[in-house]
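2 protein chains.
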Amino acid sequence: MARMARIAPLSGFPEWSPSERLVEAEVLSTLRRVFTLHGYGEIETRAVEPIDRLAGDSDAAKEIYALSRLRAEPGADASLGLHFDLTVPFARYVEERQAQLAFPFRRYQIQKVWRGERPQEGRFREFYQADIDVVARDVLPAHFEAEVPLVMARALAELTAAVGVPRAVMSMNDRRLVEGFYAGVGITDIPGALRSVDKLSKIGPDGVRKELEAAGVAATAAEAVLALAAIRTPDASFATQAQALWQQAGAQGELPHETFNAGVAALTALVETVNAAVPGIAYADLSIARGLDYYTGAVYETVLEGHEDLGSVCSGGRYDSLVGGGGFPGVGMSIGVTRVVSRLLSAGLASGSRAVPSAVYVAVIDEESRAASNAVAEALRARGIACEVAATAAKFGKQIQSADKRGIPFVWFPSADGHEVKDIRSGEQVTADPQSWEPPASDLKAGVVRG
Amino acid sequence: MARMARIAPLSGFPEWSPSERLVEAEVLSTLRRVFTLHGYGEIETRAVEPIDRLAGDSDAAKEIYALSRLRAEPGADASLGLHFDLTVPFARYVEERQAQLAFPFRRYQIQKVWRGERPQEGRFREFYQADIDVVARDVLPAHFEAEVPLVMARALAELTAAVGVPRAVMSMNDRRLVEGFYAGVGITDIPGALRSVDKLSKIGPDGVRKELEAAGVAATAAEAVLALAAIRTPDASFATQAQALWQQAGAQGELPHETFNAGVAALTALVETVNAAVPGIAYADLSIARGLDYYTGAVYETVLEGHEDLGSVCSGGRYDSLVGGGGFPGVGMSIGVTRVVSRLLSAGLASGSRAVPSAVYVAVIDEESRAASNAVAEALRARGIACEVAATAAKFGKQIQSADKRGIPFVWFPSADGHEVKDIRSGEQVTADPQSWEPPASDLKAGVVRG
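Protein sequences appear in the order of chains A and B.
Per the working numbering, the first sequence runs over residues 1 to 451.
Per the working numbering, the second sequence runs over residues 1 to 451.
What follows is the structure, given as structure tokens:
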């Protein structure tokens with residue numbers, strides 16, 4: 001292949017070594033297992049969508065990678081771009097297949113997405129997302145707003161157990177609580193106020209206050225907004241504080257109060273349900289606003305303890321309709337898999353146990369007897385033991401070195417007089433039968449080492 | 001999400017339903033298992049490469065999808081394109097990491113690739129490839145030319161067992177055998193002659209003869225080339241025929257004969273080794289030329305019995321160097337996963353056993369007792385039984401219908417007085433304990449149904 005010109009690592013396009021990939025693969029298989037247990041079926045969608053569908057969200061448009069054929073005939077291709085999330089393609093998938101799908105439709109989707117944003121720690125141009133959504137036809141009962149974060153809470157807890165992902169803390173809010181309150185204190189541009197509050201962690205209370213006042217929000221109302229955003233409890237006690245604040249701020253209006261109360265009740269049920277299943281993970285946090293306009297009920301964000309600088313690793317919320325025409329309410333959350341895996345690797349929290357899958361390196365005495373070594377390998381593989389056969393009939397010392405370099409724990413020496421297998425870590429060598437010998441369970445498969 | 005404008009299925013970009021995806025997922029996990037058992041570690045590479053690296057192969061250039069940022073600042077991005085195979089990115093990966101990798105390096109890689117070619121049955125614009133390669137530093141022993149097709153032969157046999165992929169027939173040749181023979185009968189433009197013979201199945205012997213003669217090949221030499229290409233045996237008996245043809249065609253020259261003999265010996269070992277492991281799969285077929293210039297030893301193609309119209313589903317060969325500078329000889333093969341899965345589905349050879357992963361649909365008596373239904377679901381999930389809880393407390397008849405629509409075999413009726421579970425296929429209903437009840441093994445997981 002003479003076509004190679006130069007090599008150029010591309011910023012924002014992470015690639016793992018074979019042992020690092022073990023960590024990512026374990027994360028993905030853990031997610032699949034948990035999602036499947038909860039009744040979520042898998043789909044994959046094509047990587048490309050028509051640009052006009054992708055570009056509808058103006059914030060994302062500048063990050064879209066558009067496609068063109070390198071030597072296209074004029075007008076040969078539709079105007080296509082790479083998807084930047086899994087929601088836009090999922091919406092199109094549901095719209096196309098609405099007649100075939102059974103609703104409520106639970107699906108998970110784990111695929112790479114592409115965003116042409118400036119690369120930085122935790123931000124990539126190509127990365128894995130893992131999404132779950134439940135989408136209903138016409139009516140989505142409220143209990144799904146607890147189910148989706150509960151599934152994600154379990155998934156994150158399993159990731160902690162499996163690969164040492166730091167403990168997750170999920171912050172939850174309800175759009176109705178916030179919108180009812182804002183209306184009650186006299187704010188008219190509620191989406192504008194939400195966008196300002198969404199910047200709280202970046203620009204601080206003073207920054208938010210300035211933005212609100214610049215937008216014409218009264219000083220007392222701005223204070224009330226900030227007081228609401230300061231409420232954060234690990235249980236349902238936020239409700240008492242929020243109700244007290246409603247009184248104290250002089251909020252009023254029958255409809256706003258109804259909306260506010262509906263939000264308080266929903267968030268109470270949400271936090272209690274999730275914490276009952278995964279104790280301590282869920283917080284009511286009335287500062288959570290989520291910039292996206294389409295959320296209408298519960299909203300969620302998740303940080304990893306001690307790694308708050310990564311930002312949210314698992315976010316989402318309830319929306320009124322997945323598709324443009326309406327009628328498909330749903331709840332969804334998305335894990336930033338690559339963001340999590342990248343931190344696991346860079347912080348030394350997890351690594352692959354060895355560079356290759358083989359548990360056994362079968363030595364070759366001489367090229368004439370390679371078939372005997374192959375036969376040993378076949379016998380081991382038939383019982384699920386991964387192995388490789390030595391590349392050359394070098395001196396045994398050199399063959400052991402080759403195994404050691406790959407992190408393979410056992411070297412097998414075939415012999416018609418009686419096979420032997422050596423644990424090259426301890427040096428212990430024993431006679432063994434290829435039809436029955438087994439490595440310790442901990443050595444059988446290449447996996448993830450914590451810490 | 002109001003950004004949706006229209007829906008447009010895109011020709012050449014296949015998408016599966018959730019139950020069709022089960023078939024694809026089973027194919028992928030079978031391949032992973034076989035590759036892993038043989039010591040092949042997994043990597044994934046980024047989807048994009050610099051255009052100048054991709055476009056080196058002029059035939060592929062017109063099929064490349066180039067990327068641009070939709071609203072890029074001028075000069076913001078390097079000129080990037082989507083990979084059209086997994087070999088170009090793998091070569092770059094090895095070149096970048098040659099200091100860290102242990103050679104011979106066995107890797108597998110399963111990713112989507114993109115080609116802007118005209119879509120037709122079995123040809124896609126986005127599709128999964130599954131590649132294995134062994135790459136050495138400087139010297140690659142000949143036995144790897146048997147190992148790689150052997151791993152693929154096992155993988156294909158496992159796919160037959162797991163999901164009903166039709167029996168595979170692997171045709172093998174050796175470039176040295178052909179090149180030595182061509183040189184022996186006086187052909188000077190050997191790559192040109194190989195390209196003509198590669199079209200044999202498309203343009204027939206007369207077409208090949210015309211092309212060869214137009215290129216200045218003598219009529220007797222063209223006949224000899226066609227006679228060689230007609231040799232096909234399910235064992236090593238091709239060798240006798242090829243040696244006889246060497247004599248009969250009056251081939252000559254010491255170096256060509258040496259090359260020819262080396263190829264005959266290598267192909268003999270290859271066919272015998274692979275057939276010893278997976279009886280009947282390998283044929284010596286001296287018409288196999290493979291268009292790509294970089295193969296230098298064994299070449300392989302694979303068709304599925306009764307589905308020869310699909311073309312080769314698993315091809316590859318031995319090359320002298322993976323990277324431009326030389327020094328990285330290897331052997332690789334690639335399975336066209338989407339081509340195989342698409343045929344399995346369209347020919348009705350395999351389908352998903354149900355539309356959702358759940359084995360159990362937990363009914364809800366009334367909304368007040370939803371927590372009790374959730375508790376049943378949690379008890380089942382803790383023992384690995386996938387389930388979902390009813391969306392609403394509708395009449396039991398309606399809840400059973402919902403389960404039936406999804407293909408869920410069991411409906412659970414929670415009760416403080418004694419739970420009951422109904423097999424909705426037989427109608428049989430029994431008392432059951434959520435801590436111990438298990439579905440039959442065949443119902444536990446959604447899987448693949450043959451035929």
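Glycine included, every Cβ here is placed at the ideal spot set by N, Cα and C.
Problem - Presumed contact (8 Å Cβ cut-off) between M172 of chain B and L267 of chain B, rounded CB distance - result: One-based indexing of the second sequence puts residue 172 of chain B at position 172. One-based indexing of the second sequence puts residue 267 of chain B at position 267. Between L267 of chain B and M172 of chain B the Cβ distance is about 6 Å, and since that is below 8 Å, they are a contact.
Practice task
With a threshold of 16 other CB atoms inside 10 Å of the CB of I203 of chain B, please say whether the residue is buried or exposed.
Solution key: In the second sequence, residue 203 of chain B corresponds to position 203, counting from 1. I203 of chain B is exposed by the Cβ-count criterion.
Problem - Proximity to V274 of chain A [Cα-Cα], best of A:S312, A:A289, A:D235 - result: Here residue 274 of chain A refers to the residue found at position 274 when the first sequence is read from its first residue. Selected option, being the one with the closest Cα: A:D235.
Exercise for the section: Determine, using beta carbons only, whether V487 of chain B comes closer than 7 Å to chain A. Expected result: Outside the shown range of chain B, which is 1 to 451, sits residue 487 of chain B, and nothing can be said about it.
Problem - Test: P414 of chain A CB closer than 7 Å to a CB of chain B - result: Here residue 414 of chain A is taken as the residue at index 414 of the first sequence, counted from 1. P414 of chain A does not count as touching chain B.
Exercise for the section: Pull out every residue of the stretch 249 to 262 of chain A whose Cβ sits closer than 8 Å to any Cβ of chain B, in chain order. Expected result: none
Practice task
Could you spell out the range, first to last residue, of the alpha helix (DSSP H) harbouring N16 of chain A?
Solution key: The residue you call residue 16 of chain A lines up with position 16 of the first sequence. Position check: residue 16 of chain A holds Trp in this sequence, whereas Asn was assumed. Premise fails: W16 of chain A is in no alpha helix (DSSP H) and is neither H nor E.
Exercise for the section: Verify the CB distance criterion: does A102 of chain B have a CB-CB separation below 7 Å to chain A? Expected result: Within the second sequence, numbered from 1, the residue matching residue 102 of chain B stands at position 102. Yes, its Cβ sits closer than 7 Å to a Cβ of chain A.
Practice task
Identify each residue in the stretch 386 to 412 of chain B for which the Cβ-Cβ distance to at least one residue of chain A is less than 7 Å, and report them in chain order.
Solution key: Those would be A386, C387, E388, A391, T392, K405, R406, in chain order.
Practice task
Spell out a yes or no on whether the stretch 216 to 232 of chain A and the stretch 303 to 322 of chain A are touching, meaning 3 or more CB-CB pairs, one atom from each, closer than 8 Å.
Solution key: no
Exercise for the section: Consult DSSP for G330 of chain A and reduce its assignment to one of helix, strand or coil. Expected result: As a first step, residue 330 of chain A must be located in the first sequence, where it is residue number 330. Reduced to three states, the DSSP call for G330 of chain A is strand.
Handout entry: Cβ neighbours of S321 of chain B in the same chain (closer than 7 Å, five flanking residues each side left out)
Key = Reading the second sequence from its first residue, position 321 is the one you call residue 321 of chain B. If we look at S321 of chain B and ignore the five residues flanking it on each side, its Cβ neighbours are G327, F328, P329.
Practice task
Kindly list the residues whose CB is nearer than 7 Å to the CB of W437 of chain B, restricted to its own chain and excluding five residues on each side of it in sequence; keep chain order.
Solution key: Stepping through the second sequence from its first residue, residue 437 of chain B is reached at position 437. Here the set comprises V421.
Practice task
Within its chain, find whatever has a CB closer than 7 Å to the CB of M1 of chain B; leave out the 5 residues flanking it on each side and keep chain order.
Solution key: Sequence index remark: in the second sequence, residue 1 of chain B carries index 1 (1-based). Confidence in M1 of chain B is poor, its pLDDT being 39 and thus under 50, which makes the residue's placement unreliable; the coordinate value appears in the next sentence. Closer than 7 Å at the Cβ level, and outside the excluded window around M1 of chain B, lies no residue.
Practice task
Entirely within the stretch 225 to 277 of chain A and at least 4 residues each: give me those alpha helix (DSSP H) ranges in chain order.
Solution key: 238 to 248, 254 to 277
Handout entry: Alpha-carbon spacing of V411 of chain A relative to V148 of chain B, whole angstroms
Key = Reading the first sequence from its first residue, position 411 is the one you call residue 411 of chain A. Reading the second sequence from its first residue, position 148 is the one you call residue 148 of chain B. Using only the alpha carbons, I get a separation of about 22 Å.
Handout entry: For L54 of chain B, the first and last residue of its enclosing alpha helix (DSSP H)
Key = The sequence position of residue 54 of chain B within the second sequence is 54, counting from 1. Note, L54 of chain B: alpha helix (DSSP H), 51 to 54.
Practice task
Label A5 of chain B either buried or exposed according to how many other C-beta atoms from any shown protein chain fall within 10 Å of its C-beta, with 16 as the threshold for buried.
Solution key: Position 5 of the second sequence, counted from the first residue, corresponds to residue 5 of chain B. With a pLDDT of 46 at A5 of chain B, under the threshold of 50, the predicted position of this residue should be treated as unreliable, and no value is reported.
Exercise for the section: Taking C-beta pairs closer than 8 Å, name the residues in chain B that S369 of chain A reaches, listed in chain order. Expected result: Stepping through the first sequence from its first residue, residue 369 of chain A is reached at position 369. Chain B residues near S369 of chain A: none, gap ~12 Å exceeds 8 Å.
Exercise for the section: Show which residues of chain A have a CB atom less than 8 Å away from the CB atom of G463 of chain B. Expected result: Residue 463 of chain B cannot be examined here, being either before or after the span of chain B that is shown, 1 to 451.
Handout entry: Proximity of A454 of chain B and V271 of chain B at Cβ, strictly below 7 Å
Key = Residue 454 of chain B cannot be examined here, being either before or after the span of chain B that is shown, 1 to 451.
Exercise for the section: Pull up the DSSP beta-bridge partners for W114 of chain A, would you. Expected result: Within the first sequence, the letter at position 114 stands for residue 114 of chain A. DSSP output for W114 of chain A lists A:E126 as bridge partner(s).
Handout entry: DSSP state of L212 of chain A mapped onto helix, strand, coil
Key = Residue 212 of chain A sits at position 212 when you count from the first residue of the first sequence. Per DSSP, reduced to three states, the secondary structure at L212 of chain A is helical.
Handout entry: Segments assigned beta strand (DSSP E), at least 3 residues, entirely inside the stretch 381 to 438 of chain A
Key = Runs of the beta strand (DSSP E) inside the stretch 381 to 438 of chain A: 387 to 389, 410 to 413, 420 to 423, 429 to 431.
Handout entry: Any non-hydrogen atom of the ligand MN closer than 6 Å to F238 of chain A Cβ
Key = Annotation note on the ligand MN: not contained in the displayed structure, which lists no ligands.
Problem - Reduced DSSP category for V299 of chain A - H, G, I as helix; E, B as strand; rest coil - result: The residue you call residue 299 of chain A lines up with position 299 of the first sequence. DSSP places V299 of chain A in the strand class (E or B) of the three-state scheme.
Handout entry: Rounded separation between R3 of chain B and A142 of chain A - CA only
Key = Against the second sequence, residue 3 of chain B aligns to sequence position 3. Against the first sequence, residue 142 of chain A aligns to sequence position 142. In this prediction, R3 of chain B has a pLDDT of 42, which is less than 50 and means its spatial position is unreliable; nothing more can be read from the coordinates.
Problem - Helix, strand or coil at A359 of chain A [DSSP, three-state] - result: Counted from its first residue, the first sequence places residue 359 of chain A at position 359. A359 of chain A falls in the coil class under three-state DSSP.
Practice task
For V165 of chain A, I'd like the list of residues in its chain whose CB is within less than 7 Å of its CB, leaving aside the five on either flank, ordered along the chain.
Solution key: Your numbering for residue 165 of chain A matches position 165 in the first sequence. Excluding sequence neighbours, V165 of chain A sits near L156, L159, L304, V340, L344.
Practice task
Enumerate in chain order the residues of its own chain whose CB-to-CB distance from L31 of chain B is below 6 Å, with the five nearest sequence positions on each side excluded.
Solution key: Taking the first residue of the second sequence as position 1, residue 31 of chain B is located at position 31. For L31 of chain B, same chain residues with a beta-carbon under 6 Å away, outside a window of 5 residues either side, are A130, A155 in chain order.
Practice task
Return helix, strand or coil for S207 of chain A, following the three-state DSSP convention.
Solution key: Sequence index remark: in the first sequence, residue 207 of chain A carries index 207 (1-based). The amino acid occupying residue 207 of chain A in the given sequence is Gly; Ser does not appear at that position. In the structure shown, G207 of chain A sits in a helix (DSSP, three-state: H, G or I).
Problem - Cutoff 7 Å; reference Y65 of chain B; Cβ partners in own chain excluding five residues on either side - result: Counting from one through the second sequence, the residue named residue 65 of chain B turns up at place 65. Answer for Y65 of chain B: G81, L82, W114, G116, listed in chain order.
Problem - Residue-chain proximity (A66 of chain B, chain A), Cβ-Cβ < 7 Å - result: Taking the second sequence and counting its residues from 1, the one referred to as residue 66 of chain B is at position 66. It does: the Cβ of A66 of chain B has a partner Cβ on chain A nearer than 7 Å.
Problem - N-terminal and C-terminal residue of the alpha helix (DSSP H) that A136 of chain A is part of - result: Position 136 of the first sequence holds residue 136 of chain A. Looking at the DSSP string, A136 of chain A is not in any alpha helix (DSSP H), and its letter there is neither H nor E.
Handout entry: Under 7 Å from the C-beta of H143 of chain A: neighbouring residues of chain B
Key = What you label residue 143 of chain A is simply residue 143 of the first sequence in a count that begins at 1. Going along chain B in sequence order, the residues near H143 of chain A (Cβ under 7 Å) are R370.
Exercise for the section: Would you mind giving the Cβ-Cβ distance between A386 of chain B and S358 of chain B, rounded to the nearest angstrom? I have them listed as a contact below 8 Å. Expected result: Taking the first residue of the second sequence as position 1, residue 386 of chain B is located at position 386. Taking the first residue of the second sequence as position 1, residue 358 of chain B is located at position 358. Confirmed, about 5 Å.
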